[in-house]
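Chains A and B are the protein sequences, given in the same order.
Per numbering that gives the first Met the number 0, residue 0 is the first one in the first sequence, and the count goes up by one each step.
Per numbering that gives the first Met the number 0, residue 0 is the first one in the second sequence, and the count goes up by one each step.
Following: one structure in structure tokens, then a few remarks.
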Amino acid sequence: MKQGIFTILTNQPLTDTVYRMVLKGDTSAITAPGQFVNIKLDGLYLRRPISVCDCVDGELTLVYKVVGKGTEQMSTMSVGEQLDVLTGLGNGYDTALAGSHALLLGGGVGVPPLYMLAKTLIAQGKTVSVVLGFNTKNEVFYEQEFKALGANVTVTTVDGSYGVKGFVTDALPASYDYFFTCGPEPMLKAVYKNTVTEGQFSFEERMGCGFGACMGCSCKTVTGYKRICKDGPVLTKEEILWDA
Amino acid sequence: MGRLTVNLCGVELDNPIIPASGTFGYGYEFAELYDINMLGSFSFKGTTKEPRFGNPTPRIAECPMGMINAVGLQNPGVEKVIAEELPKMRQHFHKKVMANVSGFSVEDYAYTCERLNGEEDIGWFEVNVSCPNVHGGGMSFGTSPEAAAEVTAAVRKVTDKPLLIKLSPNVTDIVSIAKACEAAGADGISLINTLLGMRIDLKTKKPVIANKMGGFSGSAIFPVAVRMVYQVAGAVNIPVVGMGGVSSAEDVIEMMLAGATAVEVGAANLIDPFVCKTIIEELPRVMDKYGIQNLSDVIGGAHHG
Ligand SMILES: Cc1cc2nc3c(=O)[nH]c(=O)nc-3n(C[C@H](O)[C@H](O)[C@H](O)COP(=O)(O)OP(=O)(O)OC[C@H]3O[C@@H](n4cnc5c(N)ncnc54)[C@H](O)[C@@H]3O)c2cc1C
Ligand SMILES: Cc1cc2nc3c(=O)[nH]c(=O)nc-3n(C[C@H](O)[C@H](O)[C@H](O)COP(=O)(O)O)c2cc1C
Ligand code: FES
Numbered sequence: 000m001k002q003g004i005f006t007i008l009t010n011q012p013l014t015d016t017v018y019r020m021v022l023k024g025d026t027s028a029i030t031a032p033g034q035f036v037n038i039k040l041d042g043l044y045l046r047r048p049i050s051v052c053d054c055v056d057g058e059l060t061l062v063y064k065v066v067g068k069g070t071e072q073m074s075t076m077s078v079g080e081q082l083d084v085l086t087g088l089g090n091g092y093d094t095a096l097a098g099s100h101a102l103l104l105g106g107g108v109g110v111p112p113l114y115m116l117a118k119t120l121i122a123q124g125k126t127v128s129v130v131l132g133f134n135t136k137n138e139v140f141y142e143q144e145f146k147a148l149g150a151n152v153t154v155t156t157v158d159g160s161y162g163v164k165g166f167v168t169d170a171l172p173a174s175y176d177y178f179f180t181c182g183p184e185p186m187l188k189a190v191y192k193n194t195v196t197e198g199q200f201s202f203e204e205r206m207g208c209g210f211g212a213c214m215g216c217s218c219k220t221v222t223g224y225k226r227i228c229k230d231g232p233v234l235t236k237e238e239i240l241w242d243a
Numbered sequence: 000m001g002r003l004t005v006n007l008c009g010v011e012l013d014n015p016i017i018p019a020s021g022t023f024g025y026g027y028e029f030a031e032l033y034d035i036n037m038l039g040s041f042s043f044k045g046t047t048k049e050p051r052f053g054n055p056t057p058r059i060a061e062c063p064m065g066m067i068n069a070v071g072l073q074n075p076g077v078e079k080v081i082a083e084e085l086p087k088m089r090q091h092f093h094k095k096v097m098a099n100v101s102g103f104s105v106e107d108y109a110y111t112c113e114r115l116n117g118e119e120d121i122g123w124f125e126v127n128v129s130c131p132n133v134h135g136g137g138m139s140f141g142t143s144p145e146a147a148a149e150v151t152a153a154v155r156k157v158t159d160k161p162l163l164i165k166l167s168p169n170v171t172d173i174v175s176i177a178k179a180c181e182a183a184g185a186d187g188i189s190l191i192n193t194l195l196g197m198r199i200d201l202k203t204k205k206p207v208i209a210n211k212m213g214g215f216s217g218s219a220i221f222p223v224a225v226r227m228v229y230q231v232a233g234a235v236n237i238p239v240v241g242m243g244g245v246s247s248a249e250d251v252i253e254m255m256l257a258g259a260t261a262v263e264v265g266a267a268n269l270i271d272p273f274v275c276k277t278i279i280e281e282l283p284r285v286m287d288k289y290g291i292q293n294l295s296d297v298i299g300g301a302h303h304g
């Protein structure tokens with residue numbers, strides 16, 4: 000973990016409610032896809048956790064949805080403004096466990112961390128299939144970005160206005176040997192039920208600190224309690240205990 | 000003796016800054032960031048007789064200038080603390096640590112303190128009486144002078160180490176409770192624990208926290224804490240450890256003027272993990288600004304004249 004001051008390079012909408020922010024700063028603490036950062040915002044007491052979407056040479060990309068005060072404030076920030084950010088938080092996805100054909104399943108703002116994950120897996124010479132789930136056509140983002148990485152991309156929308164109609168679990172490919180997922184909890188539960196291989200899940204929880212100090216984010220797992228912020232946010236399929 | 004040195008119940012502290020229980024774990028996360036031996040001490044996570052998972056999540060809610068937590072005293076239990084956490088802690092921290100202890104019966108408190116008493120590097124016990132008494136209809140020990148005194152007396156029997164009783168602010172007369180603890184053998188009073196609070200989400204129209212209510216802390220509670228520290232310090236003849244909303248060197252001096260011998264920093268560590276380091280580094284400059292030579296000179300300063 001590191002604390003750093005980051006400067007906004009770009010901050011632009013991808014859809015009506017989802018924005019992409021690129022920040023410049025010391026990203027050396029970020030060591031794995033699926034990790035997150037925790038952002039201090041003026042006038043708000045707690046930091047806001049946001050997944051690392053991409054990270055190259057001191058440039059950190061975040062993709063966030065405006066859902067409340069903090070994300071609303073982020074969306075109004077301009078190029079050149081600075082943010083106090085804790086980086087390198089969480090365990091991230093372990094790509095060493097993947098076989099040769101990984102399936103990535105993302106729902107809504109669960110999609111962003113899968114981008115750096117896809118990039119990492121492809122760089123390791125693995126085949127990557129991605130299923131991105133959204134509610135409706137005008138909420139779709141990052142389809143082209145994943146394609147540009149060389150992933151096989153399928154988009155699903157709940158109302159059928161774009162891509163395959165239904166949920167990500169309605170568009171699972173016939174074959175894959177490992178999966179990674181991030182999204183809202185009902186989606187994660189559906190993925191748990193409908194997948195046939197081992198895999199990794201990224202969870203969300205309300206956080207006090209984001210770095211393991213307060214026990215605000217604990218959950219029960221097969222191997223005892225874990226802090227989503229420090230021992231997670233990524234858990235393997237076999238360690239998950241639902242509703243515990 | 001440096002300018003920041005204070006003496007807490009016979010144990011010298013290089014400075015009065017002590018991260019508060021529950022916001023610093025056993026120190027490891029912070030030891031990754033800075034040398035935690037620069038702290039006066041720290042109060043480790045509230046430890047109970049049995050392991051506790053704590054409350055369901057969500058356990059955290061944001062407030063203007065503060066937060067509510069309902070962690071529910073999650074901890075691995077005293078045996079595991081002795082066998083695993085303290086040995087690990089010793090690799091990073093080489094000073095006297097404050098042992099924060101919780102319980103749900105008088106016997107629990109005494110048992111846990113007796114088990115920890117043999118640990119050389121425990122400099123003080125800080126007994127948190129904000130917990131519900133399972134044999135007393137669930138009322139917190141800290142809400143009655145008799146129950147708080149009973150816990151104090153029971154722990155006093157099992158340890159000769161300095162004994163601080165950590166009081167709950169959720170009471171009508173904190174002074175009478177502090178005095179009862181002093182009479183029962185406490186060596187010091189620590190205050191304040193969190194204020195009972197609650198938030199409701201307008202979107203779901205339900206409480207934000209699964210446990211509905213929780214402990215409110217952070218900058219917002221600072222004035223309440225200063226007032227209570229002032230009242231208690233003015234009424235007892237034992238040292239007071241002040242806390243509640245402290246986040247700067249100025250806040251530390253204000254707490255000490257109210258009567259605190261040492262000052263704990265809680266929620267602020269969660270927002271700015273370097274806050275205690277920053278405070279310690281800032282103190283000499285802020286002392287110069289206010290013409291303070293030695294920090295120990297300001298303790299209780301607001302009570303005089
Ligand atoms: C590990 C992790 C990674 C995340 N990655 C992303 C991401 O890449 N993109 C994205 O858009 N969102 C992400 N989120 C969700 C994001 O943290 C919340 O949407 C954000 O905190 C909301 O803040 P707000 O002030 O706008 O909302 P408010 O509702 O005003 O926030 C009030 C409080 O609740 C907390 N909170 C609200 N919603 C959530 C939530 N879903 N999870 C955790 N805390 C919440 C806030 O942090 C704040 O403390 C992630 C959450 C976690 C835990
Ligand atoms: C997340 C969290 C966990 C806490 N856990 C404990 C605990 O285990 N034992 C205890 O005595 N106090 C506990 N407290 C209370 C703090 O030690 C402190 O008394 C209180 O938060 C007021 O200080 P602050 O405003 O600086 O946070 C906890 C506070 C927080 C925020
Ligand atoms: S949010 Fe503090 S331990 Fe996870």
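By construction, the Cβ of each residue, glycine as well, lies at the ideal position given by its N, Cα and C atoms.
*In chain order, what are the residues with a CB under 5 Å from some non-hydrogen atom of ligand 1?*
The chain-ordered list of residues whose CB is nearer than 5 Å to some heavy atom of ligand 1 reads PHE35/A, LEU45/A, ARG47/A, PRO48/A, ILE49/A, SER50/A, TYR63/A, LYS64/A, VAL66/A, GLY67/A, LYS68/A, GLY69/A, THR70/A, VAL108/A, PRO111/A, GLU203/A, ARG205/A, PRO232/A and GLU61/B.
_Span separating the alpha-carbon of SER74/A from that of ALA28/A_ = 25 Å
*LEU190/B versus ALA224/B: straight-line alpha-carbon distance, rounded*: 7 Å
*Taking Cβ to Cβ, would you say ALA183/B is nearer than 8 Å to ALA152/B?*
In this structure, ALA152/B lies closer than 8 Å to ALA183/B by Cβ.
*Roughly how many angstroms lie between the CA atoms of LEU3/B and THR9/A, to the nearest whole one?*
45 Å
_Short of 7 Å in beta carbon distance, which residues of its chain neighbour GLY209/A, apart from the five on each side in sequence? Order them along the chain._
Taken in chain order, the residues that qualify are ASN37, ARG46, PRO48, LEU85, LEU88 and CYS228.
*What residues match up with ASN151/A in a beta bridge as DSSP calls it?*
SER128/A
*Would ALA232/B pass as a contact of ALA266/B if the rule is Cβ separation under 8 Å?*
no
*asked:* For GLY300/B and PRO75/B, I'd like the C-alpha separation in whole angstroms.
replied: 41 Å
*asked:* Going by beta-carbon coordinates alone, are MET88/B and VAL96/B separated by less than 8 Å?
replied: yes
_For a test of the three-state rule: what should DSSP assign to ASN309/B, helix, strand or coil?_
One cannot answer for residue 309/B here, as it falls past the ends of chain B, which runs 0 to 304.
_For ARG114/B, report the span of its alpha helix (DSSP H) as first-last._
105-115
*Counting along the chain, where does the beta strand (DSSP E) carrying GLY106/A start and finish?*
100-106
*Is GLY1/B near ligand 2, judged by its Cβ being under 7 Å from some heavy atom?*
no
_Contact criterion: CB-CB distance below 8 Å. Does ARG155/B meet it with respect to chain E?_
Looking for chain E here will not work: the only protein chains present are A and B.
*asked:* Quick check on the burial criterion: 16 or more other C-beta atoms within 10 angstroms. Buried or exposed for TYR289/B?
replied: exposed
*asked:* Less than 8 Å between CB atoms is the rule here; does GLN2/A satisfy it with respect to chain B?
replied: yes
*Would you mind working out which of PHE124/B, CYS112/B and ILE67/B sits nearest MET212/B, comparing C-alpha positions?*
ILE67/B
*Return the chain-ordered list of same chain residues with a C-beta closer than 6 Å to the C-beta of GLY241/B, the five sequence neighbours on each side being excluded.*
VAL228, MET254, ALA259 and VAL262
*Taking the alpha-carbon positions, what's the ASP53/A to THR168/A distance?*
Across the structure, ASP53/A and THR168/A are spaced so that their CA atoms are roughly 25 Å apart.
*Under three-state DSSP, which class holds VAL70/B?*
Here VAL70/B sits in coil by DSSP.
_By the DSSP assignment, the alpha helix (DSSP H) with VAL55/A in it spans what residues?_
That residue, VAL55/A, is in no alpha helix (DSSP H); its beta strand (DSSP E) goes 53-55.
*Under three-state DSSP, which class holds ILE295/B?*
Contrary to the premise, residue 295/B reads as Ser rather than Ile in this sequence. SER295/B: helix per DSSP, three-state reduction.
*asked:* Under 8 Å, Cβ to Cβ, is there at least one residue of chain B near LEU82/A?
replied: no
*Would you call the CB atoms of PHE5/A and LEU59/A closer than 8 Å?*
yes
_Cβ-heavy atom distance, LYS165/B to ligand 2, below 7 Å_ = yes
_Alpha carbon of GLY3/A to alpha carbon of TYR63/A, nearest angstrom_ = 20 Å
*Name, in chain order, the residues that DSSP records as bridge partners for MET242/B.*
GLU263/B
*Can you tell me which of the three DSSP states PRO250/A falls into?*
One cannot answer for residue 250/A here, as it falls past the ends of chain A, which runs 0 to 243.
*CB of LYS48/B within 8 Å of CB of TYR25/B, strictly*: no
*With VAL225/B as the anchor, note down where its alpha helix (DSSP H) starts and where it stops.*
Its alpha helix (DSSP H) spans residues 221-232.
*Test: GLU119/B CB closer than 8 Å to a CB of chain A*: So, not an interface residue.
*Where does ALA243/A land, buried or exposed, given buried means 16+ other C-beta within 10 angstroms?*
At ALA243/A, the pLDDT of 48 sits below 50, so the modelled position is not reliable; the number obtained from the coordinates is stated separately. So ALA243/A counts as exposed.
*Roughly how many angstroms separate the alpha carbons of LEU102/A and LYS94/B, rounded to a whole number?*
A straight-line Cα-Cα distance of about 50 Å links LEU102/A and LYS94/B.
*Which chain A residues sit within Cβ distance under 8 Å of PHE52/B?*
SER217, LYS219 and TYR224
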